Amino acid sequence: MSNTEETLIPKIGVVTEVRVDTPDVKTFRVTAPEGGKVFEHMPGQCAMLSIPGVGEAMFSITSSPTNKEFMEFSIKKCGCLTTWLHQMDVGQQITVRGPYGKCFPVETELKGKNLVFIAGGIGLAPLRSVINYCRHYRENYGTIDIVYGSRSMDDLVDYQEIQEEWCKEAGINVHLTIDREQKEWDGHVGFVPTYVKELGFDLDKIILICGPPIMIKFTLQGLEELGFQKSQVYTTMELRMKCGVGKCGRCNIGNKYVCKDGPVFRFDELGELPDEY
Amino acid sequence: MQVNETNTVNTEEKEFTPLIVAFCCNWCSYAGADLAGSSRLSYPANVKIIRVPCSCRVNPLFILRAFQRGADGVILCGCHPGDCHYSTGNYYARRRMTLLFSMLDYLGIEKGRTRVEWVSAAEGAKFSATMNDFAATIHKLGPNRKLRDLRCEK
Amino acid sequence: MREINEMLKKKVSELLENGTADRIIGWQAGEFCYDVTPAVMRKDNLDELFYNGFCGANQSKYLIQESLEEGKVLALLKPCDTYSFNQLVKEHRVNREKVYALGIPCSGMLDVDKIKALGITGILSIEDNGEEIKVATMYGDKTCKRTEVLQERCKVCKGKEHKAYDELLIPDEDAPEVPNGEDRFELVNKLEAMTSQERFDFWRGELSKCIRCNACRNVCPACSCRTCVFDNDNSGVAAKSNADDFEENMFHIIRAFHVAGRCTDCGECSRVCPQHIPLHLLNRKFIKDIDEFYGEFQAGEDDTAKGPLTAYTEGDCEPSIVMEKGGEA
Amino acid sequence: MFKIALDKIDELFAALSGNETLYLPIEKSGEIEFYPYEKDAKVRLDALHTVKSAKDLFFPQTENLMNMKLDGKNIQIEEGRHVEDPFVLFGVRACDARSFDVLDKVFLADPVDSYYAARREHGVIVSMACSRPEETCFCNVFGIDATMPEGDVVVWLDTDHLYWEAKTEKGEALTKTVESVLTDSDSKAVEAQIAATKEIMDKLPLKDLDLTRFTEDEMMNIFNDSRWAEMSEHCLGCGTCTFVCPTCQCYDIRDYDTGHGVVRYRCWDSCMYRDFTRMAHGNPRKSQLERFRQRFMHKLVYFPENNDGMFSCVGCGRCLSKCPIHTNIAKVIKTMGVKEHE
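Residue numbers (this note's numbering), protein chains in the order written: chain A, 2 to 278; chain B, 8 to 161; chain C, 6 to 334; chain D, 1181 to 1522.
Spelled out as C-alpha cells, the structure:
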C-alpha cells in the first residue's frame, strides 16, 4: 500500500456463498472475480466494503488468513448498507478495499501464550479470524478458552462451526452462554461478565475481547477483580470511517486513529486516551 | 474551485426533443390523462407522468430534482380549485407553486419552464391540448441549461 | 449606550436575585472590541454581561434548547428579535412558560465587516457615539459614518416597538431613536427590473461563492427542524458540498422556500455568511410576493396569526400570474 | 532578486499565465478567492486573505475519485483523473504557505494520497510577504515569519514595485519563464519593508498567545477540562471555521447517483457537523461539546503529538473573523492555555 490508487480505489469482489447465521447476521464469502482472495490480511484487520450508490463501511474480516481461497465477512443488519448487503444473492459483485489497521499480535505478544477469547453477539466476528489462525498454528499457542455469549441460542453466530469444530478439538475449551433460559438449551445461562468471573481464569492468560461496549466494560471490571492487568487484555474497536488510512479524520480516539493505529488496542493503551468511543 | 473532471458537455446539437415531467394528481389529472389515452387524443411521448396522491404532495424539491435529472419542463396538474379530493390540497399547492415559480423567475430561470394546470377526470381533451402546448413552449425555450446538473448529463 | 448598559446589568441582577429567572442568555466580550459572543450567565458570572453596538446576533433560536432545560431563562430581546421570538412561540418550538423576555432598546447594530470593507483594518478599538464611529487601528485613527456601517437589517429597521415581552427595560416610547428605515424591497425591485439573463448572472455570481458551511441555516431562527432535509441521507438531496452549480441553486432555493411565510427578515443568514451572499434578498423576494399576492403579512408580528402558506382563499391568483407579473424575460 | 513596476504587473501575470494556469486572488461578486487569471480580472494583491484558503488548489472542496456503475450483479469502476497540468499559485501569504506543510504531513504520509500529491507536484507556489497584517493575525505564535514566507518564489510588494526572489529549483525554473519582464534589483527596498512590517507585527494584539500547555502530558487534563462546556455552549455547529481554515483536512467520501452511474467523490467535511461520526448504532460524539472539543484538541494537541510538535493552526485568523458567534481558536488557546483552577 503506498498510494491512493491502491487505497481509496477499491477492487471488485464476488459473493460466492451466503450463510444465514442468525435472524440478523449473515456471513458472506467473497473472492476475486478470477477466483482466490481479493487480498491477503492478518487476523483482526478490516476491509471497506461498498455498493456504489449505497455506501461504504468498514467490516472486520472474519475468515482466517490461513484460508487461501476466500475471505468471509459476518455482517449484522443495522443500517442502510448492511440492509442492502443482506439482500444480496450469490454472484453479486461488491467493492472491497483493504486490508486496514493493525492485526492482533499473533506473531509476537500472543505467541506461546495461553489465550482466552471473550465474545458477545456479533463480537465473535473479528475474533473468529484469530481463533482459526491459532487453531491452524496450534503448536505456537498454549491453552485456548473461548467464552461466547449472546441473547439467545438463535443469536449465536457460527454455531455450527463452534459445535462441529471448536468444541471437538483437543486443548480448546468452549464456554457458551445465553442471556435467558431457553427450552432446547442445556448449557450455561447468564451474562458474559458474570460467567467470566464464575469461570475464574488463571492469571497467566492473555485475554482477547470483543462485543457490545457495555459487555466489554463489565467484563473488564470482572477481569480486574480476578487480578488481571489491563496490559493482558486486547480488544478491537469500531468507529465511523471513510478513508481507512488515517486521513479523513473521524475515527480518532485522542491522537490515535482506529483505522490506522487500531482497530486492535490493548486496554492499557486505551486507558491513556480520552474516553470518546 | 469546482472540479468536474469527468464531465464533458455534449457540444453536438441533436434535434431537440424536450423531456417533460408532469406531476398528475391521482384523482383528477391522472384520470384525465387516462381518458386522453383511451380517447386516442395524442400528446407527446416525451411527457413523463408521475402520479401523486394530490397536487399538494408536490414540494419544490420534486420540481427542482426533475430539472436536475434532465427535465426541460415541469408541469403540475391537479383537480380544479374547489374540487380537490381532500377538499383543500390544491389551494395550498397553488400558493406554493406561485411562490416557487416567482422565485425561479427571480433567479433568472426562464419562466415558461414550469406550469400549473387544473385538469379534471373528464377533461381528456384539455390534458392532451395542455401537454401539446407545453411541449411546444419548451421546444421554443430550448434545452434546460440554467437549472441542470452537469453530473447527470450523459 | 453606557447608561443602558448599567440599567441592564442592574435589572438583570435584580431578576436573577428575585428568582424570576435562574440564568440569562447574554453577551460576553471577545478578544477585540467587536467579537461579542452569546453566553449563558448566572449570578456568579453576571459581571461579564454587557451590551453594545456589536450585540446584533438574534438570540431567539437559542431559546429552543434553553426552554427545554430546567428553570426559567431570561432572554434579552431587541425589538427585531421579538418577531423571531413570536414566530418560534407560535410554532411551539419555544416554551413560552420557560422564558422571561426582557425587552431591551436598540439604536442599530454595527457590522464590523462593513467597517473593514471601507479599508479600515487592524482594528484595535471602536468608539460608537452617535453619528460618527471612531476607530483606532494599528495604522492610525479612522472615522466613518454610523449609517455606513449599520447591519443590513438595521438599515431597514422595523421600528422600536417590542412585539413580545414580559418586561421592558425602558418603555418603547422613551427608547433611543432607531435608524430611518430604508425601503427593504429596493434591491428586490432593482433585480426584478433586470432581464432574466442579468438576474441569472447576478445570482450565479453570488451563489457560486457558497461554500456550503450551513451557517445561514444553523443560525436561522426559522430553520428549526431537528434534522434538515439536506442532512437527511434518505432525502436524496443530502450533501456536504456543492459538487455542481445545481446544488448551489437548489440549497438556497429550498432553504428560502422552507422559511417562506415564516421568515421575519431578521437578516441573520446574510450576517453570518462568510462569503457575504445577500441571502436576505431571497427571503425578501418571498415576503414581497406574499405581500402582493396574498396581502401584507409580517411574520412574528404576533404569536397567533396563520402563516400565508398554511392558509388560502378561493380567489387566490393562479401561478400563471408569474408569466404576466414576473420580472422581465 | 528581481523587480517589476506595479503598473506593469499585468505583463508579469500574462507571462505567468502563458503556458499554465495562474491562480491568484481575484475579486468576484465582492469576495476574493484564488481564481484563474484572465485578462481584465479584478486582481486584489492588497487583500490580506482570500475567504477560502489556498488549500483549495491542492485539496479541492469536491473532487471526483471514480465513476462506478452497478449493472445487475456486476460493478464497473473507472478511476478519476489526476491533475497533470502545471499551475502557478500566486500571492499565497506566509500562513497559507505553512499550511501546505501541515497538509503534507497528512496527505503525503504513507499511504500517499496521489490526488493531492499530483497537485503538489504540478503546482508552483509564489508566496507574498505581508506588510499590512490585521488584528486577527497571530502567525508569529507558530513561528511563521510573515515577511519571509515559504514558497518556491517569494515576492514583496511596496508602493510601486514587486520584488521577486526564487527560493527553490521549481522557483528558479519559473523565474526563467518570466525573466524577460523582470529587471534586476538589489534587496534594499525589501529589507526596509521587512523592518517596517516587523515593527507593526509587534503591535499585534494576539502575538503573545501562549502554547506551552498544549503538550502530550496535558492531553487528558485539557480533554477533561470543564470549560469546554461553556465555550462550546453557543456553537452553531456550522462548518464555517472548518471550511475557511487552511489546515482543516477532514473529508467525506460520498456517492452521487447520476441516473446513469454513480460518482464517488470526496468533499470537505467538518468535525463540527452532527453526522461526522454518526454510525448506524450510535454516535461517540453526541453533543456539540464533544465536536467542538475535537476540533481544537486535534489542532492543538493530537496533531502536534503525531507530527513532532507541529500545530495544525497557522494563525491566519480566518476563523476569528468568520465565526458567526465569534468563538475561535484564539479564545480556546487563551482559555485552555492556563490550568483550570488557577
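Where is the CB? At the ideal position from N, CA and C, for every residue including glycine. Since this is a predicted model, take the numbers as computed values, not measurements.
Residue(s) in a DSSP beta bridge with residue i
i, result
"Cys1447(D)", "Thr1242(D) and Asp1432(D)"
"Glu73(A)", "Arg30(A)"
"Arg28(C)", "Val78(C)"
"Gln33(C)", "Thr42(C)"
"Ala141(C)", "Ser130(C) and Asp146(C)"
"Arg122(B)", "Ile82(B)"
"Cys31(B)", "Arg58(B) and Cys84(B)"
"Glu1259(D)", "Met1246(D)"
Assigned secondary structure, residue i (DSSP; H/G/I helix, E/B strand, else coil)
i, result
"Phe60(A)", "strand"
"Val10(B)", "In this predicted model, Val10(B) has a pLDDT of only 42, less than 50, meaning its place in the structure is not dependable; the value taken from the coordinates is given anyway. Residue state, collapsed to three classes: coil."
"Trp167(A)", "helix"
"Lys4(C)", "Because chain C is modelled from 6 through 334, residue 4(C) falls outside the range shown and cannot be assessed."
"Phe1593(D)", "One cannot answer for residue 1593(D) here, as it falls past the ends of chain D, which runs 1181 to 1522."
"Glu178(C)", "helix"
"Val264(C)", "coil"
"Asn115(A)", "strand"
"Gly44(B)", "helix"
"Ile210(A)", "strand"
"Lys1479(D)", "helix"
"Asp1457(D)", "Asp is not the amino acid found at residue 1457(D); the sequence shown has Thr there. Here Thr1457(D) sits in coil by DSSP."
"Tyr1203(D)", "strand"
"Phe1270(D)", "strand"
"Val16(B)", "Note that Val16(B) scores 47 on pLDDT, short of 50, meaning its location in the model is unreliable; the coordinates nonetheless yield the value given after this. Three-state DSSP puts Val16(B) in coil, outside helix and strand."
"Asp191(C)", "The displayed chain sequence assigns Glu, not Asp, to residue 191(C). Of the three classes helix, strand and coil, the one that applies to Glu191(C) here is helix, per DSSP."
"Gly1363(D)", "This sequence places Thr at residue 1363(D); Gly is not what is there. Of the three classes helix, strand and coil, the one that applies to Thr1363(D) here is strand, per DSSP."
"Leu111(B)", "helix"
"Leu9(A)", "coil"
Spatial neighbours of residue i in its chain, beta-carbon cut-off 8 Å, leaving aside the 5 residues before and after
i, result
"Met1181(D)", "Tyr1343, Trp1344, Glu1345, Asp1364, Ser1365, Asp1366, Ser1367 and Val1370"
"Lys1519(D)", "Arg1393 and Asn1401"
"Gln222(A)", "Pro194"
"Arg1473(D)", "Phe1403, Trp1408 and Ser1412"
"Thr8(A)", "Met2, Arg98, Cys244, Gly245 and Val246"
Closer than 8 Å to chain G by CB, residue i
i, result
"Leu314(C)", "Note that chain G does not occur in the displayed structure, where the protein chains are A, B, C and D."
Environment of residue i [buried if 16+ CB atoms lie within 10 Å]
i, result
"Ala106(C)", "buried"
"His1440(D)", "exposed"
"Leu1386(D)", "buried"
"Arg58(B)", "exposed"
"Cys104(A)", "buried"
"Cys168(A)", "exposed"
"Leu20(C)", "buried"
"Ile215(A)", "exposed"
"Asn239(C)", "exposed"
Close-in-space but distant-in-sequence residues of the same chain around residue i (CB under 7 Å, 5 per side omitted)
i, result
"Thr309(C)", "Lys95"
"Asp1432(D)", "Arg1446, Cys1447 and Asp1449"
"Lys147(C)", "Ile125 and Val140"
"Tyr278(A)", "Met238, Leu240 and Ile254"
Contacting residues, own chain, Cβ-Cβ under 6 Å from residue i (five flanking each side not counted)
i, result
"Ala78(B)", "Leu26 and Val28"
"Ser246(C)", "Arg217"
"His137(A)", "Thr67"
"Leu157(A)", "Ser151"
"Gly300(C)", "none"
"Cys228(C)", "Arg222"
Counting pairs of beta carbons, one from the segment 70-83 of chain A and one from the segment 13-32 of chain A, are three or more of them closer than 8 Å? yes
Three or more C-beta pairs closer than 8 Å, one from the segment 1374-1389 of chain D and one from the segment 1304-1324 of chain D: is that the case here? yes
Can we say the segment 1350-1361 of chain D touches the segment 1195-1210 of chain D, given the rule of at least three CB pairs closer than 8 Å? yes
Three or more beta-carbon pairs under 8 Å between the segment 1452-1469 of chain D and the segment 1257-1266 of chain D, yes or no? No: the two stretches stay apart, fewer than three of their Cβ pairs being nearer than 8 Å.
Is it a yes or a no for the segment 28-39 of chain C touching the segment 183-190 of chain C, going by three-plus beta-carbon pairs under 8 Å? no
Would you call the segment 84-100 of chain A and the segment 7-23 of chain A touching, i.e. three or more CB-CB distances under 8 Å? yes
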